[in-house]
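Its first residue numbered 49, the sequence shown is counted upward by one per residue in the working numbering.
Positions of the beta carbon are idealized from the N, C-alpha and C atoms, including for glycine.
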Amino acid sequence: MSEDLEKMIIILLLFSFIVLFAMFATFVYGLFNTT
Numbered sequence: 049m050s051e052d053l054e055k056m057i058i059i060l061l062l063f064s065f066i067v068l069f070a071m072f073a074t075f076v077y078g079l080f081n082t083t
C-alpha cells in the first residue's frame, strides 16, 4: 500500500516538474521572440 502511494507521489512530482519546465520554456521563448 505505502509502496503504491510512494510511486504515485513520485509520478505526480515528475509530472508537475515537467509542466513547470514547459511553462518556463515557453515563457523564455516568448521573451527571446519579442526582441
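Tell me the DSSP secondary structure of residue i in three-state form.
i	result
T74	helix
Which value, in whole angstroms, describes the spacing of the CA atoms of residue i and residue j?
i	j	result
E54	S64	15 angstroms
N81	I58	34 angstroms
F72	M56	24 angstroms
F75	T83	13 angstroms
E51	L61	15 angstroms
Y77	V67	15 angstroms
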